[in-house]
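The structure under discussion appears below in the form of structure tokens.
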Amino acid sequence: MAGFQTTPWRLISGILGVMCLVLMVTLRMLLNNVFTKPSIQLTPSPGPTLEPQKDSSCQKMWIGYQCNCYFISNEMKTWEESKDFCASKNSSLLQLQNKDELA
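Taking my numbering, the leading residue of the sequence shown gets 1064, the next gets one more, and so forth.
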């Protein structure tokens, strides 16, 4: 009679043991995949620089970027004086519409 009562517990413990082994093998395989995958190396993309582009058709002292030429002045001028200066150089004053254009 004692052997009959322990049989369901042996069956349950056997099933739980097999499930535990399957879970451990699955976890080991997942961890192996995570640590053995080749890492992706990010390379910086060329962004805006303050150096004139080699193929730029900009005037001397102007900065070429994305088919545009920019002149950065250190002089303090009013908006109107700045617009007049740009007009004398056959250009227009840069006006950013939002913060996204600054980046």
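Yeah, the Cβ is synthetic: ideal placement off N, Cα and C, and Gly gets one too. Everything numeric in this text was worked out from a predicted model, so none of it was measured.
A direct Cα-to-Cα measurement between E1138 and S1155 gives close to 17 Å. Cβ neighbours of W1125 within its own chain (closer than 6 Å, five residues either side excluded): C1132 and F1134. Annotation: the continuous beta strand (DSSP E) that includes C1132 extends over N1131 to Y1133.
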